[in-house]
Amino acid sequence: MSINSESKKLMSKAVVVFSGGQDSTTCLIQALTQYDEVYGITFDYGQRHREEIEVAKSLAEHLKITSHKVMDVTVLNELAISALTRDAIPVSHELMDNGLPNTFVPGRNILFLTLAGIYAYQLGAEAIITGVCETDFSGYPDCRNDFVKAMESALVQGMDKQLKIITPLMWLNKAQTWAMADKYQQLDLVRHQTLTCYNGIIGDGCGDCPACHLRKRGLEDYLQNKTAVMAELNAYESKA
């Protein structure tokens, strides 16, 4: 075997589920320091804040990732009724009768991780990276660690391929997620060029929707307690 073919064989690859929001962009930035090739996959499901697709394209180009794929999965919009798939349903701060936010899109992460797994299989990638978080999140059941582990097991068994679903933010709060962006010297980019807002406003967003409230609260916490929050992040990463 030649040196070149050996190098190619050992090259590490990861697929990042990439929405163009704060969390997935932070994960993408970290992945670029950990893998030789980073592939972004963004899903168009007819979402209310569909401006995020253009934001994801712009960020992928700016960060010079290996490749960026946008997939049309608007069939999800036909099936899943949510404030994020129906403009006529206002985004609410109140929980529904089932205890979930009305921005929950049933099956979204099941579909996204399944398709990302297929993509990773074809690329020969060993990891799928997603920015879901159980510590400081919107209450979605498909952001929990138990769900991710179940999906990972299903993908491994269903495709007979060793594949890890990596969740760098799973046990971080929003302040620590901001600290991670700052650690990689991309705080300004994440703050001003990502789109988390459910109303489709880049950067600090509309300031009113639940996503904006969570993002703003975390940023204020980080900026007021930088040293302590960064120390918490470093301590967590040293144990991971």
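For the sequence shown, my numbering assigns the number -11 to the initial residue and increments by one for each residue that follows.
We treat Cβ as the ideally placed atom computed from N, Cα and C, and that holds for glycine.
- prompt: In angstroms, rounded to a whole number, what distance separates the CA positions of Gly8 and Asp85?
  reply: Reading the sequence shown from its first residue, position 20 is the one you call residue 8. Reading the sequence shown from its first residue, position 97 is the one you call residue 85. Going by the C-alpha atoms only, they are around 30 Å apart.
- request: Evaluate contact between the segment 100 to 113 and the segment 173 to 181, counting only Cβ atoms and requiring at least three cross-stretch pairs below 8 Å.
  value: no
message: Check this for me: beta carbons of Asp209 and Ala163, under 8 Å apart or not?
response: As a working note, residue 209 is residue 221 in the sequence shown. As a working note, residue 163 is residue 175 in the sequence shown. A contact, by the Cβ cut-off of 8 Å.
- request: Please say whether Gly119 and Cys15 have beta carbons closer to each other than 8 Å?
  value: On the sequence shown, residue 15 is found 27 positions in, with the first residue counted as 1. On the sequence shown, residue 119 is found 131 positions in, with the first residue counted as 1. Going by C-beta atoms, Cys15 is nearer than 8 Å to Gly119.
field: First and last residue of the uninterrupted alpha helix (DSSP H) at His180
entry: Counting from 1 along the sequence shown, the entry for residue 180 is found at position 192. Taken as a continuous stretch (DSSP letters only), the alpha helix (DSSP H) holding His180 covers Leu175 to Gln181.
message: Considering Cα atoms alone, identify which of Val63, Ser126, Thr73 and Met59 is closest to Leu88.
response: Residue 88 sits at position 100 when you count from the first residue of the sequence shown. When only C-alpha atoms are compared, the closest one is Ser126.
Whole-Å CB distance - Leu111 paired with Tyr27, under 8 Å assumed: Along the sequence shown, one-based indexing puts residue 111 at 123. Along the sequence shown, one-based indexing puts residue 27 at 39. Indeed they touch by this definition, with Cβ atoms about 6 Å apart.
message: Using the three-state DSSP reduction, which class does Ser(-7) fall into: helix, strand or coil?
response: Residue numbering aside, residue -7 sits at position 5 when the sequence shown is read from its first letter. At Ser(-7) the pLDDT is 36, less than 50, meaning the model places this residue with poor confidence; the figure from the coordinates comes in the next sentence. Three-state DSSP puts Ser(-7) in a helix.
query: Taking the beta strand (DSSP E) that Thr14 falls in, what are its first and last residues?
result: Here residue 14 refers to the residue found at position 26 when the sequence shown is read from its first residue. Premise fails: Thr14 lies in the alpha helix (DSSP H), Gln10 to Gln22, not in any beta strand (DSSP E).
query: Buried or exposed: Ala2, going by 16 or more other Cβ atoms within 10 Å of its Cβ?
result: Locating residue 2 in the sequence shown gives position 14, counting from the first residue. With 16 or more other Cβ atoms within 10 Å, it is buried.
Between the CA atoms of Met(-1) and Gln212 - distance to the nearest angstrom: As a working mapping, residue 212 is identified with position 224 in the sequence shown. As a working mapping, residue -1 is identified with position 11 in the sequence shown. Near 40 Å, if we compare the C-alpha coordinates of Met(-1) and Gln212.
query: In angstroms, rounded to a whole number, what distance separates the CA positions of Glu220 and Glu66?
result: In the sequence shown, counting from the first residue as 1, residue 220 sits at position 232. In the sequence shown, counting from the first residue as 1, residue 66 sits at position 78. Cα to Cα, Glu220 sits roughly 42 Å from Glu66.
Neighbourhood of Asn133 by C-beta, 6 Å cutoff - its chain only, sequence neighbours within 5 removed: Reading the sequence shown from its first residue, position 145 is the one you call residue 133. Excluding positions up to five away in sequence, the list reads Glu122 and Met158.
- prompt: Going by other Cβ atoms of all chains shown within 10 Å of its Cβ, with 16 needed for buried, is His37 buried or exposed?
  reply: In the sequence shown, the residue the question calls residue 37 occupies position 49. His37 comes out buried.
query: By a C-beta neighbour count over all protein chains shown, 10 Å radius and 16 as the cutoff for buried, is Met147 buried or exposed?
result: Counting from 1 along the sequence shown, the entry for residue 147 is found at position 159. That one is exposed.
- request: Can you grab the Cα-Cα spacing for the pair Asp78 / His50, in whole Å?
  value: Position 90 of the sequence shown, counting from 1, holds the residue named residue 78. Position 62 of the sequence shown, counting from 1, holds the residue named residue 50. The sequence shown places Pro at residue 78, not Asp. Distance between the alpha carbons of Pro78 and His50: 33 Å.
field: Terminal residues of the alpha helix (DSSP H) in which Thr165 lies
entry: By one-based count along the sequence shown, residue 165 stands at place 177. Its alpha helix (DSSP H) spans residues Lys162 to Lys171.
Pro94 and Ala76 closer than 8 Å at C-beta: For the purposes of this step, residue 94 is taken as the residue at position 106 of the sequence shown. For the purposes of this step, residue 76 is taken as the residue at position 88 of the sequence shown. No, the pair does not count as a contact, with Cβ atoms beyond the cut-off.
query: Over what stretch of residues does the beta strand (DSSP E) that includes His56 continue unbroken?
result: Indexing the sequence shown from 1 puts residue 56 at position 68. Here the beta strand (DSSP E) through His56 covers Ser55 to Asp60.
query: So is Cys131 buried or exposed if we call it buried at 16+ other beta carbons inside 10 Å?
result: Translated into the one-based positions of the sequence shown, residue 131 becomes position 143. Cys131 comes out buried.
query: Just reading off the alpha helix (DSSP H) that Phe135 is part of, what are its end residues?
result: Working through the sequence shown from its first residue, we reach residue 135 at position 147. Asn133 to Met147 is the extent of the alpha helix (DSSP H) around Phe135.
field: Unbroken alpha helix (DSSP H) run spanning Val217, endpoints
entry: On the sequence shown, residue 217 is found 229 positions in, with the first residue counted as 1. Here the alpha helix (DSSP H) through Val217 covers Lys214 to Lys227.
message: The beta strand (DSSP E) that contains Ala229, what's its start and end?
response: Shown here, the chain extends from -11 to 228; a query on residue 229 therefore has no answer.
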